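The sequence shown begins at -11 in the working numbering and counts up by one.
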Amino acid sequence: MTVSEPAILITEVWDTVRFQELPPLPLVRHGQVEAWVRRLLEKAPGLFQGEVVGHSVEGRALHHVWFGSGPRHVLLWSQMHGDEPTATTALFELFEYIRCYREHPRVEALRSELTVHALPMLNPDGAERFQRVNAQGIDINRDALRLQTPEGRTLKALRDRLQPCLGFNLHNQDWRTAVEKTRKPASISLLAPAFDEARSDNAGRVLAKKVCAVIRDALEPLIPGQIGRYSDAFEVRAFGDNIGRWGTPTVLIETGPWPTADHDEAQRRLNFVALVSALEAVASGKAEEADVGRYESIPLNESKGLLRLVVKGAQVFGEAGDAFTADLGVAASPAVRERAGQAVAVMAGEIAELGDLRVFGAFETVEAEGLTAVPLPPGALKEGDTVPLPPRKDCTVRVGHPAELMLLRPDGRPEMWRVERIIRFDR
-11 MTVSEPAILI TEVWDTVRFQ ELPPLPLVRH GQVEAWVRRL LEKAPGLFQG EVVGHSVEGR
49 ALHHVWFGSG PRHVLLWSQM HGDEPTATTA LFELFEYIRC YREHPRVEAL RSELTVHALP
109 MLNPDGAERF QRVNAQGIDI NRDALRLQTP EGRTLKALRD RLQPCLGFNL HNQDWRTAVE
169 KTRKPASISL LAPAFDEARS DNAGRVLAKK VCAVIRDALE PLIPGQIGRY SDAFEVRAFG
229 DNIGRWGTPT VLIETGPWPT ADHDEAQRRL NFVALVSALE AVASGKAEEA DVGRYESIPL
289 NESKGLLRLV VKGAQVFGEA GDAFTADLGV AASPAVRERA GQAVAVMAGE IAELGDLRVF
349 GAFETVEAEG LTAVPLPPGA LKEGDTVPLP PRKDCTVRVG HPAELMLLRP DGRPEMWRVE
409 RIIRFDR
């Protein structure tokens, strides 16, 4: 499949406005967001407007930034889960696009037809800790009815004030999420959430489905087979579902797993292309012309269907008994850890599956027939070293153990083994 012209253009534009020398996305904190907001309002005071629209539990400002003068209002919010950071940076790259290309006909049309509002980093206290919930320990996205979180009350009040025609709920999803049947990573998943138990359609939800179709068509040439769709079962507590019930249809964009070390950049680019494509389609009216069938035919997500690494056919020692043949599956995802008193971003992994793993997708597969998998002992072992087999108590491999393993092959000398492969992810 060839990349369409709009996707090429938007991707090339992202290369000119993307942020350089960023910390890893898990380390983008509230202070960085405030610096970006200040910079934006200083550099383009007539183009962008901003206000502090609320505060988090711990008193961090919640910023509302907007541009455009169109009659239709669109609201985007990101990082209501503190450990889901991708779209926060992507939103500011979207703003940078608007700032740098303000006189381009595409941007002028967007600004004249829409007023675009954003509430980036809705959960700054959670972002500070790189955790899903806020400082109260509440999942903000399950607080739409009781409104016990100040962050949730802020989002509800802003929606009620603006009465936007469309909302964008921007998240990251589990790195084990696959596209059903293909077992490919669900790098982007989409949903037009239901607003009632019957999963009814009205004009607003149909528009949201069409916008999802636009996003699919923009991204599919870039990530063929890597777009999934969430189940539209109604979640009575969730903001996306309830905002639809209150009169604003929403589009859920979930950023998922990416196979290479440059995942931060790749994921931001996908978000940028998705958001620009969607906003332009809404502004121009092309969203109304989109084929709903392109949304309905997006394959569903497969939860827990993907692994970072699969070791196939190794000899493994369980908690009891002799060694047996099994596949080992490692799940890994971005995380934040304290190292020497500083927060650092890591790819943390653990053994997530053990047994016959033929039904799972994986970024990497290691053929291990004739090898024995055992936990990696402390020390400075390297591949090619020769070691004795550890005592039986130190050979046990279990689900939930750290993904720190060595694959051993008999050396030919009694009780000596060669280290063929070392597998090590952060704890």
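Beta carbons: idealized from backbone N, C-alpha and C, even for Gly.
On a predicted model such as this, the values are computed, not experimentally measured, just so you know.
Tell me the rounded alpha-carbon separation between S44 and Q119. What you label residue 44 is simply residue 56 of the sequence shown in a count that begins at 1. What you label residue 119 is simply residue 131 of the sequence shown in a count that begins at 1. Rounded to the nearest angstrom, the two C-alpha atoms are 15 Å apart.
G42 to T353 span [Cα, whole Å]: Residue mapping note: residue 42 aligns to position 54 of the sequence shown, counting from 1. Residue mapping note: residue 353 aligns to position 365 of the sequence shown, counting from 1. Cα to Cα, the separation comes out at about 48 Å.
Proximity below 8 Å, CB of P237 to CB of A269: For the purposes of this step, residue 237 is taken as the residue at position 249 of the sequence shown. For the purposes of this step, residue 269 is taken as the residue at position 281 of the sequence shown. A269 is positioned such that its CB atom lies no closer than 8 Å to that of P237.
Integer Cβ distance of E326 from P363, believed to fall under 8 Å: For the purposes of this step, residue 326 is identified with residue 338 of the sequence shown, where counting begins at 1. For the purposes of this step, residue 363 is identified with residue 375 of the sequence shown, where counting begins at 1. Rounded, the Cβ-Cβ distance is 23 Å, inconsistent with contact.
Between the alpha carbons of V332 and L342, how many angstroms are there, rounded? Position 344 of the sequence shown, counted from the start, is the residue given in the question as residue 332. Position 354 of the sequence shown, counted from the start, is the residue given in the question as residue 342. If you draw a straight line from the Cα of V332 to the Cα of L342, it is about 30 Å long.
Reduced DSSP category for E392 - H, G, I as helix; E, B as strand; rest coil: In the sequence shown, residue 392 corresponds to position 404, counting from 1. If DSSP states are grouped into helix, strand and coil, E392 belongs with the strands.
Backbone CA spacing between A115 and G244 [nearest angstrom]: Working through the sequence shown from its first residue, we reach residue 115 at position 127. Working through the sequence shown from its first residue, we reach residue 244 at position 256. So the alpha carbons of these two residues sit roughly 18 Å apart.
Taking 8 Å as the limit between beta carbons, can you name the residues of its chain near L377, skipping five residues before and five after? Taking the sequence shown and counting its residues from 1, one reaches residue 377 at position 389. Excluding positions up to five away in sequence, the list reads T360, V362, C383, L396, E403, W405.
Range covered by the beta strand (DSSP E) that runs through I411: On the sequence shown, residue 411 is found 423 positions in, with the first residue counted as 1. 404 to 412 is the extent of the beta strand (DSSP E) around I411.
Only counting the same chain, and skipping five residues up and downstream in sequence, which positions put a Cβ closer than 7 Å to that of D127? Here the question's residue 127 lines up with position 139 in the sequence shown. Hits under 7 Å: R120, V121.
What did DSSP end up calling H18 once you bin it into helix, strand or coil? Here residue 18 refers to the residue found at position 30 of the sequence shown. Looking at H18 - three-state DSSP - the assignment turns out to be helix.
If contacts are defined as beta-carbon pairs under 8 Å, then P152 and H105 qualify, I think. What distance do you get, rounded to the angstrom? Working through the sequence shown from its first residue, we reach residue 152 at position 164. Working through the sequence shown from its first residue, we reach residue 105 at position 117. With a Cβ gap of about 7 Å, P152 and H105 count as contacting.
Which word fits F183, buried or exposed, when buried means at least 16 other C-beta atoms lie within 10 angstroms of its C-beta? As a working mapping, residue 183 is identified with position 195 in the sequence shown. F183 counts as buried, since no fewer than 16 other beta carbons sit within 10 angstroms of its beta carbon.
Under 8 Å, do V304 and A314 count as touching if we go by C-beta distance? Here residue 304 refers to the residue found at position 316 of the sequence shown. Here residue 314 refers to the residue found at position 326 of the sequence shown. Yes, these two residues count as a Cβ contact at 8 Å.
Within the chosen definition, does the segment 253 to 268 reach the segment 159 to 178 through at least 3 CB pairs nearer than 8 Å? yes
Where do the N-terminal and C-terminal ends of the alpha helix (DSSP H) with F227 fall, by residue? As a position in the sequence shown, residue 227 is number 239, starting the count at 1. Note, F227: alpha helix (DSSP H), 227 to 234.
Hey, G213 and K172: beta-carbon distance below 8 Å or not? Counted from its first residue, the sequence shown places residue 213 at position 225. Counted from its first residue, the sequence shown places residue 172 at position 184. Their beta carbons are under 8 Å apart, which means G213 touches K172 by this criterion.
Own chain, CB closer than 8 Å to Q8, minus 5 neighbours either side, in chain order: Taking the first residue of the sequence shown as 1, we reach residue 8 at position 20. Counting only residues of its own chain and dropping the five nearest sequence neighbours on each side, Q8 has no CB closer than 8 Å to any other CB.
Own chain partners of F80 with C-beta closer than 6 Å, once the 5 adjacent residues on each side are dropped: Your numbering for residue 80 matches position 92 in the sequence shown. So the list reads W24, once near-sequence residues are dropped.
Unbroken beta strand (DSSP E) runs of length 3 or more, entirely within the segment 230 to 277: which are they? 238 to 243
Roughly how many angstroms lie between the CA atoms of M68 and P398, to the nearest whole one? Locating residue 68 in the sequence shown gives position 80, counting from the first residue. Locating residue 398 in the sequence shown gives position 410, counting from the first residue. Cα to Cα, M68 sits roughly 51 Å from P398.
In terms of residue numbering, what span does the alpha helix (DSSP H) encompassing L342 cover? Counted from its first residue, the sequence shown places residue 342 at position 354. Not the alpha helix (DSSP H): L342 falls in the beta strand (DSSP E), residues 330 to 343.
Helix, strand or coil for S321, going by three-state DSSP, please let me know. As a first step, residue 321 must be located in the sequence shown, where it is residue number 333. Annotated three-state conformation of S321 is strand, per DSSP.
Relative to the C-alpha of A336, which residue among P14, D113, I286 is closest? As a working mapping, residue 336 is identified with position 348 in the sequence shown. Per the Cα distances, P14.
So, P108 versus H51, is the Cβ gap smaller than 8 Å? Mapped onto the sequence shown, residue 108 falls at position 120. Mapped onto the sequence shown, residue 51 falls at position 63. In this structure, H51 lies closer than 8 Å to P108 by Cβ.
Run through DSSP, which three-state label would W65 get? As a first step, residue 65 must be located in the sequence shown, where it is residue number 77. W65: strand per DSSP, three-state reduction.
Buried or exposed: where does H92 fall if 16 or more other Cβ atoms within 10 Å of its Cβ makes it buried? Here residue 92 is taken as the residue at index 104 of the sequence shown, counted from 1. With fewer than 16 Cβ atoms within 10 Å of its Cβ, H92 is classed as exposed.
Assigned secondary structure, P378 (DSSP; H/G/I helix, E/B strand, else coil): Within the sequence shown, numbered from 1, the residue matching residue 378 stands at position 390. Looking at P378 - three-state DSSP - the assignment turns out to be coil, as it is neither helix nor strand.
Outcome for D252 when other beta-carbon atoms lying within 10 angstroms are tallied against a minimum of 16: The count along the sequence shown starts at 1 and reaches residue 252 at position 264. Counting Cβ neighbours within 10 Å, D252 comes out buried, since at least 16 surround it.
Relative to the alpha-carbon of F222, which residue among E185, V318, T248 has its alpha-carbon at the smallest distance? Numbered from 1 along the sequence shown, position 234 holds the residue referred to as residue 222. For F222, the nearest C-alpha among the options comes from E185.
In terms of alpha-carbon separation, which member of P390, E357, R409, A356 lies closest to G372? Indexing the sequence shown from 1 puts residue 372 at position 384. For the residues P390, E357, R409, A356, the minimum Cα distance to G372 belongs to R409.
Which two residues bound the contiguous alpha helix (DSSP H) that contains R217? Locating residue 217 in the sequence shown gives position 229, counting from the first residue. Counting along the chain, R217 falls outside any alpha helix (DSSP H), though it belongs to the beta strand (DSSP E) covering 215 to 217.
When you compare the CB positions of L63 and R147, do they come within less than 8 Å of one another, or not? Taking the sequence shown and counting its residues from 1, one reaches residue 63 at position 75. Taking the sequence shown and counting its residues from 1, one reaches residue 147 at position 159. Yes.
If you check the beta carbons only, do I86 and L150 fall under 8 Å apart? For the purposes of this step, residue 86 is taken as the residue at position 98 of the sequence shown. For the purposes of this step, residue 150 is taken as the residue at position 162 of the sequence shown. Cβ distance not < 8 Å, so I86 and L150 don't count as in contact.
How would you write the range of the alpha helix (DSSP H) that G140 sits in, first residue to last? The sequence position of residue 140 within the sequence shown is 152, counting from 1. Taken as a continuous stretch (DSSP letters only), the alpha helix (DSSP H) holding G140 covers 138 to 150.
Using a threshold of 8 Å, state whether the C-beta atoms of R193 and L288 are closer than that. Start at 1 with the first residue of the sequence shown, and residue 193 comes out as number 205. Start at 1 with the first residue of the sequence shown, and residue 288 comes out as number 300. No. Outside cutoff.
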